Structures are given as C-alpha cells and as structure tokens.
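Residue numbers (the working numbering): 9 to 369.
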C-alpha cells in the first residue's frame with residue numbers, strides 16, 4: 009500500500025461524489041446527513057505514466073502500480089467531538105490515516121440541502137477544524153490524567169510526558185492545529201500514541217461547479233490553504249465522477265476535448281505526494297512494480313518495506329534512473345554506458361530509480 013487519505017467534511021458537500029470519482033466504488037449518496045454510516049474504503053492505483061513507459065522499454069507485462077487507500081467517513085457536524093451526529097465514532101476512523109482530504113462545498117444546488125443554510129467555505133472549514141481540535145483536546149486530556157497518575161506513583165518518564173502533553177493541549181486551546189506547532193522529539197511520539205488528528209497534513213479540496221461564485225469560493229480556499237501551510241485542489245466533483253465511469257480511451261479523449269490537462273485524481277495525488285514528501289521508485293527483477301517511499305529513505309530500509317528478509321540480508325542495490333532508461337531506450341544500453349550503479353545499504357533512493365535488490369538470508 010502506498011498511503012492512506014481520510015476524506016472529511018460537512019454533510020452534503022459532495023464527499024461521496026468525490027470518493028466515487030477517485031475510486032469508482034459507487035458509494036451511496038443521498039440528500040440528507042449521515043447517508044454514509046460505515047466508512048467507504050477504496051484502494052486506487054496511483055496514475056503513473058512512467059510505469060507504462062518502463063513496462064514498454066523493459067518488455068514487462070501487467071505492471072503493478074503503487075496504490076492509495078481513500079477512507080470516506082460520514083459528514084461531521086458542529087458538536088462531532090462530543091458525539092453529535094455519531095461524530096466520535098467517525099473521528100476514530102481517521103486517526104491512523106497519513107493525510108486528510110477536507111472536501112469543501114463551493115457549488116450551488118438548490119436540490120442539495122446546505123447544512124449551515126448558505127455557502128461560506130471558510131466558515132465551513134473552521135467548523136470542521138474546530139471539531140478536530142476539540143477531539144484532540146479531549147483525547148490528550150484523558151492521556152494527561154493517566155500520565156499524572158503514573159507520575160504520582162513515582163514514574164519519572166511520565167513526569168516528562170505530562171509537560172509535553174500540557175504544551176500540546178495549550179496550543180490546541182488557542183484554536184491552533186498541532187500541525188502548526190514546532191514539535192520536540194518526544195512530542196512526535198505522543199501524537200502517534202494518543203491518535204492525534206490535527207497534526208496530519210491537509211489538502212483542502214474545493215468541490216466546485218462551472219459558475220463564477222464557485223470559482224471565487226475556490227480562490228478563497230486556496231488563500232486559506234496557503235496561509236495555513238496546507239495544499240488545495242479544485243475539482244468539479246460531478247464532472248469527475250462522470251469521467252471516472254468512462255473507459256480509459258474515452259476518458260483521455262474527453263479530457264482532451266474539455267482541455268483538462270489532468271484528472272482530479274492525478275492532481276490530488278500530486279498534491280498528496282508533495283505534502284507528504286513522497287517519491288515513487290520501481291523494481292523490475294521479475295515483475296515490474298511501483299513503490300511509494302518517503303524522501304530520504306536508504307536502500308536497506310526501502311528493501312525492508314518490500315520484505316523484511318530483503319533488509320535483513322541486504323547485500324547491495326543495482327540501480328539506474330528512469331531518465332537514463334528513456335534516453336537510451338533499453339536496460340542493455342544503460343549498462344553499456346556505465347550507468348547501472350551498484351549501491352550500498354546507505355544509498356538514498358531517488359524518485360524514478362529502477363532497482364534490483366541482492367540479498368542473502
């Protein structure tokens with residue numbers, strides 16, 4: 009699996025439409041809150057033109073793309089952190105995701121009820137963010153109470169943790185997301201331990217239509233995202249859902265006619281990769297497969313993500329770059345030009361590397 013994104017937002021903002029456009033899963037939609045009770049989950053191949061190119065040059069059939077899992081939880085409402093609209097249950101589904109896709113309504117449709125009565129994207133964003141902040145305060149306060157009990161029993165480590173938890177709670181009480189706080193090393197561990205949500209990277213997804221007010225709303229979301237260190241993507245959800253149902257060839261033709269350079273999924277994935285600091289590399293010893301990796305990962309750890317035996321018995325990595333393969337036309341030519349490298353366990357895998365691991369266990 010590449011990475012996991014949780015899709016959040018108010019009810020009736022088009023989250024299920026976006027989910028269907030991304031995953032082709034046919035999630036239920038209805039003009040009332042909480043149509044989505046259990047989370048919808050969809051595993052989506054990452055769009056990757058390089059993978060197809062490599063497959064052709066290396067004569068590999070059925071290349072395997074890296075994947076994203078999208079989790080679409082029910083619409084959150086004001087009071088979700090206290091259980092309104094089954095909020096606590098829904099928040100639990102997104103505590104372990106890598107990033108949040110926050111869908112914001114920017115379209116006009118009298119047939120789809122707007123929960124807050126009128127369109128105000130920034131207000132809608134802040135309703136959700138406030139609920140996430142309150143949910144984190146609640147879970148950290150419970151953790152603080154536990155650590156205080158341990159500290160009173162003489163646990164010195166808990167004494168240090170209580171100070172770190174108090175700092176996190178104080179930051180949240182000022183209306184700030186944890187993601188905006190410079191964290192000490194011990195605080196990073198606390199976030200995972202307690203399942204904090206507001207430290208997660210956020211992509212604000214403006215669900216628009218073709219009208220001018222919708223574009224203005226999307227611009228305001230772009231400004232908000234930039235101010236708050238987040239990313240943003242603007243998508244016409246209804247159109248993207250229709251496109252997603254077309255066969256691949258018709259999809260390409262339609263995008264060309266509409267002069268749409270990239271699908272919404274492609275732009276969202278690109279934003280997520282940038283936000284999370286991810287790269288894609290490839291292995292092709294037997295079958296060709298793409299893998300998602302954090303920037304800065306060395307060869308031994310990258311091998312271990314495929315199989316623990318690869319890391320434990322790591323000998324070396326034979327690697328060359330995608331650009332060299334495309335420029336020269338074959339792996340044989342890459343070798344003849346001396347561009348196939350033998351790298352040790354500390355080599356940092358680069359985006360577009362094509363790697364063969366040698367190991368012994």
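From the three backbone atoms N, C-alpha and C, an ideal C-beta is built for every residue, glycine too.
Since we're looking at a predicted model, the values are computed, not measured.
Q. Closest to residue 322 by CA distance: which of 72, 285, 137, 369 is it?
A. The residue given as residue 322 occupies position 314 in the chain shown. Taking only the C-alpha atoms, the option nearest residue 322 is 369.
Q | Cβ pair residue 136, residue 15 closer than 8 Å | A | Within the chain shown, residue 136 is the residue found at index 128, counting from 1. Within the chain shown, residue 15 is the residue found at index 7, counting from 1. No, the Cβ-Cβ distance between residue 136 and residue 15 is not below 8 Å.
Q) In whole angstroms, what separates the C-alpha of residue 267 from that of residue 11? A) Against the chain shown, residue 267 aligns to sequence position 259. Against the chain shown, residue 11 aligns to sequence position 3. Near 30 Å, if we compare the C-alpha coordinates of residue 11 and residue 267.
Q: Kindly indicate which three-state DSSP category residue 173 falls into: helix, strand or coil?
A: Walking along the chain shown from the start, residue 173 turns up at place 165. Helix.
Q) If we ignore side chains and look at the alpha-carbon of each, how far apart do residue 80 and residue 274 end up? A) To locate residue 80, count along the chain shown from 1; it is residue 72. To locate residue 274, count along the chain shown from 1; it is residue 266. Each residue's alpha carbon lies about 18 Å from the other.
Q.
For a test of the three-state rule: what should DSSP assign to residue 365, helix, strand or coil?
A. Along the chain shown, one-based indexing puts residue 365 at 357. Of the three classes helix, strand and coil, the one that applies to residue 365 here is strand, per DSSP.
**Q.** Length of the line joining the Cα atoms of residue 25 and residue 187
**A.** If you number the chain shown from 1, residue 25 lands on position 17. If you number the chain shown from 1, residue 187 lands on position 179. Rounded to whole angstroms, residue 25 to residue 187 spans 28 Å at the Cα level.
Q: Kindly confirm or deny that the stretch 304-313 and the stretch 328-339 touch, where touching means at least three C-beta pairs closer than 8 Å.
A: no
Q | Beta carbon of residue 372 nearer than 8 Å to that of residue 240 | A | Because the chain is modelled from 9 through 369, residue 372 falls outside the range shown and cannot be assessed.
Q: Would you give the residue range spanned by the alpha helix (DSSP H) that residue 137 belongs to?
A: Within the chain shown, the letter at position 129 stands for residue 137. Element bounds for residue 137: 129-160.
Q | Per-residue DSSP class, three states only, for residue 54 | A | The residue given as residue 54 occupies position 46 in the chain shown. Coil, per DSSP.
Q | Alpha-carbon spacing of residue 138 relative to residue 225, whole angstroms | A | Your numbering for residue 138 matches position 130 in the chain shown. Your numbering for residue 225 matches position 217 in the chain shown. Roughly 20 Å between the two C-alpha positions.
Q | Range of the contiguous alpha helix (DSSP H) that encloses residue 192 | A | Against the chain shown, residue 192 aligns to sequence position 184. Looking at the DSSP string, residue 192 is not in any alpha helix (DSSP H), and its letter there is neither H nor E.
**Q.** alpha helix (DSSP H) segment containing residue 235, residue limits
**A.** Position 227 of the chain shown, counted from the start, is the residue given in the question as residue 235. Where residue 235 is concerned, the enclosing alpha helix (DSSP H) stretches over 220-235.
Q.
If distances are taken between C-alpha atoms only, which option among 114, 109, 18 comes closest to residue 30?
A. Residue mapping note: residue 30 aligns to position 22 of the chain shown, counting from 1. For residue 30, the nearest C-alpha among the options comes from 109.
Q. Does DSSP put residue 376 in a helix, a strand or coil?
A. It is not possible to answer for residue 376, since the shown part of the chain is limited to 9 through 369.
Q | the stretch 323-334 / the stretch 50-57 touching (three or more Cβ pairs under 8 Å) | A | no
Q. For residue 290, which beta-bridge partners are listed by DSSP?
A. Start at 1 with the first residue of the chain shown, and residue 290 comes out as number 282. Paired residues: 298, 362.
Q. Which whole-angstrom value is the C-beta distance of residue 107 and residue 23, which I expect to be below 8 Å?
A. For the purposes of this step, residue 107 is taken as residue 99 along the chain shown, with counting starting at 1. For the purposes of this step, residue 23 is taken as residue 15 along the chain shown, with counting starting at 1. Actually they are not in contact, since the Cβ atoms of residue 107 and residue 23 sit about 15 Å apart, beyond 8 Å.
Q | Check whether residue 205 and residue 144 have beta carbons under 8 Å apart | A | Here residue 205 refers to the residue found at position 197 when the chain shown is read from its first residue. Here residue 144 refers to the residue found at position 136 when the chain shown is read from its first residue. Remark: C-beta atoms of residue 205 and residue 144 approach each other more closely than 8 Å.
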